[in-house]
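Residue numbers (the working numbering): 2 to 187.
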Amino acid sequence: MIDLPDIPFTEEASGLFNRLLPRIKDRLLEVEKVPVSVLLWGPGIGSGSSLASVRMGLRQALRRKGHVAVYSEEICDETCNHSIRLQQLAQAQEFDLIVTTPCTPGSVGEIHDFAADRRVNGKIIVFINRQYVDGYSAQSINAISTVLSCRVEYYPNENEVDIIENITLFEVQKIREMKYIFRGRY
């Protein structure tokens, strides 16, 4: 708090002010209890890609903060009559945020189906290795990336991936706050 030269509160006003401060802190603590659902797409855990461990770290960090963070493969049903693509679309429609970390130039292309789908593309963040920007898939994803579509973020290489966790946690916190704000409006 800042100290301003001003007229002091009356005794009654001071009492009210002192009751308000803890209630404000309680409301801010409530915000930290609002879970955000995050779908994590990327290399399989056993793939050997360094991004697989980044993906695992994201899942753990988000869950520690009280969020629902899962991989598509955790909730895809192999006994279902529907394709994996359709199951992933249904998943994407229900989650608040989709974070995708394709680990090869070819896997960047897999994002196209969802990056072009207006039902889900506004909640997708695609993290692309700068070393892959010359390929068709990366250029195509970048071309459709707008404020109305998926968001593309670049990281320098597979050894410098801190940006992935930093941006994801920042975005999840913004979504958490918006969910709290909107909860009181409807």
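For every residue, glycine included, the Cβ atom is placed at its ideal position computed from N, Cα and C.
To the nearest angstrom, report how far apart residue i and residue j are at their CA atoms.
i: Y187; j: E178; result: Residue placement at Y187 is poorly supported in this model, since its pLDDT is 49, which falls under 50; the coordinates are not used for a value here.
i: I125; j: I99; result: 5 Å
i: L63; j: L170; result: 7 Å
i: Q92; j: L5; result: 52 Å
i: R119; j: T102; result: 20 Å
i: F10; j: N130; result: 57 Å
i: L22; j: I46; result: 46 Å
i: I8; j: E159; result: 58 Å
i: G123; j: I3; result: 39 Å
i: R56; j: I176; result: 19 Å
i: S15; j: R24; result: 15 Å
i: P36; j: P44; result: 25 Å
i: E12; j: I182; result: 33 Å
i: L17; j: Q174; result: 31 Å
Between the options, which has its C-alpha nearest residue i's C-alpha?
i: E166; options: F18, L5 and L59; result: L59
i: S51; options: I176, E161 and V173; result: E161
i: L90; options: E111, F115 and E33; result: F115
i: K180; options: I76, E31 and V127; result: E31
i: Q132; options: G16, P157 and V55; result: P157
i: R86; options: G67, I112, Q61 and R65; result: I112
i: R152; options: I182, R184, Q174 and A117; result: A117
Does the Cβ-Cβ distance between residue i and residue j come in under 8 Å?
i: S48; j: C104; result: yes
i: D78; j: Q88; result: yes
i: E154; j: I164; result: yes
i: V127; j: Q94; result: no
i: G67; j: K34; result: yes
Given 8 Å as the limit, is there contact between the stretch 70-86 and the stretch 32-44, that is, 3 or more CB pairs closer than that?
Enough Cβ pairs lie closer than 8 Å, so yes.
At which residue ranges does the stretch 151-187 contain complete alpha helix (DSSP H) runs of 4 or more residues, listed in the order of the chain?
Secondary structure in the stretch 151-187: the alpha helix (DSSP H) runs of 4 residues or longer, each lying completely within the stretch, are 163-184 in chain order.
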